[in-house]
Amino acid sequence: MKLVGCILVAGVLGILAFIGPIGWYALTAIIVGVIFRSFWLLKEIHQHIVPVDPYDGVKDAYERYILEREEREKQEQNG
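Residue numbering for the sequence shown follows the working numbering, starting at 1025 and increasing by one per position.
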């Protein structure tokens, strides 16, 4: 059933292409809409498949840097 629907949609798009500038505009709008929706769905699939890693290396490195800097400042003040 999907195959028949795709064939009919392709036929309608082909006829739209022969109508003239309005047909080309409609055809382009449909194609751009399909491409945009496909990318949107790919983004959603990617978000569901690839888990978010709770480990943040940059945050850990920054916290280590702050601790080391505070220790260094304490050592400079004491001695």
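The beta-carbon is built from N, C-alpha and C at its ideal position, and this holds for glycine as well. It should be emphasised that the depicted structure is a prediction, and the values quoted were computed from it without experimental measurement.
Item: Backbone secondary structure at glycine 1038 - three-state DSSP; Value: helix
Item: Cβ pair isoleucine 1059, leucine 1037 closer than 8 Å; Value: no
Item: Inter-residue CB distance, leucine 1032 and alanine 1041 (contact presumed, cutoff 8 Å); Value: Actually they do not touch by this definition, with Cβ atoms about 15 Å apart.
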